[in-house]
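Participant: Per the working numbering, the sequence shown starts with residue -4, numbered consecutively. Please read through the structure below; I'll follow up with questions.
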Amino acid sequence: MANILLSKHGDTNIKTVGVNWATNFIRARTRFSRPYNNQRAKYEDPQIIKEWFDRVQITIMQHGIALEDIYNFVDETGYAMGLVATAKVVTRAEMIGQPFIVQPGIREWVTSIECINSTRWGLPPCLSSKGRSIWKDGIKMRACQRTGGLED
């Protein structure tokens, strides 16, 4: 396709594109836009972030909290199994708009719940899918119920 476009351009001595043309074209010409939450964008102000960390530091000092007692609990991430992600696509020049990627139609969500403290020690992640939960590395379920929810 690239060679056809090149030949129709007409004002060049080059008759064919190079071996690495497609790779170089994609690297130089691709742009992806991703949805971004309005509230999240609003709170990326460095001053707001600094004020929050200052308040956290004051609280740690006031209450004598040890570093190993500070946890990022619970960090939950969802994975859409069977969902096709953003891809780079090269199409004909006549194509208008963005190309479509056909989804397989089967979706399953898997949730990973993780907990780590400020000294980098963490519990093994809890994985939850279709109403079942397991702890990685064969550790008995402690915080996850069989229904997939968290115990209080």
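Beta carbons: idealized from backbone N, C-alpha and C, even for Gly.
State buried or exposed for S123, treating a residue as buried only when at least 16 other CB atoms are found within 10 Å of its CB.
Facilitator: Looking at its Cβ environment, which holds 16 or more other Cβ atoms inside 10 Å, S123 is buried.
Participant: Starting from the Cα of T11, find the closest Cα among Q42, L0, Q34 and I21 and give me that residue.
Facilitator: Nearest option by C-alpha distance: L0.
Participant: CA-CA distance, M56 and W116?
Facilitator: Rounded to whole angstroms, M56 to W116 spans 21 Å at the Cα level.
Participant: Count the other CB atoms within 10 Å of the CB of N33; is the residue buried (16 or more) or exposed (fewer)?
Facilitator: So N33 ends up on the exposed side.
Participant: Grab me the residues of P149's own chain with a C-beta within less than 7 Å of its C-beta, minus the 5 sequence neighbours each way, in chain order.
Facilitator: Residue numbering for the chain in the displayed model covers -4 to 147; residue 149 lies beyond these limits and cannot be assessed.
Participant: Can you find the residues in the same chain that come closer than 6 Å, C-beta to C-beta, to I111, ignoring five residues on each side of it along the sequence?
Facilitator: Once the five neighbours on either side are set aside, the close Cβ partners of I111 are N67 and G117.
Participant: For Y38, which beta-bridge partners are listed by DSSP?
Facilitator: Paired residues: none, contrary to the question.
Participant: Just the C-alpha distance for V51 and P30, rounded to the nearest angstrom, thanks.
Facilitator: Near 30 Å, if we compare the C-alpha coordinates of P30 and V51.
Participant: I need the straight-line Cα distance from E46 to N15, nearest angstrom please.
Facilitator: Using only the alpha carbons, I get a separation of about 49 Å.
Participant: Take W104 as the anchor and find which of S113, K125 and T114 has the nearest alpha-carbon.
Facilitator: If we check each option's Cα against that of W104, K125 comes out closest.
Participant: Hey, T18 and L62: beta-carbon distance below 8 Å or not?
Facilitator: No, the Cβ-Cβ distance between T18 and L62 is not below 8 Å.
Participant: Among all the DSSP beta bridges, which residues are the ones paired with N32?
Facilitator: According to DSSP, which records beta bridges pairwise, N32 is partnered with nothing at all.
Participant: Between which two residues does the alpha helix (DSSP H) carrying I(-1) extend?
Facilitator: Element bounds for I(-1): A(-3) to H4.
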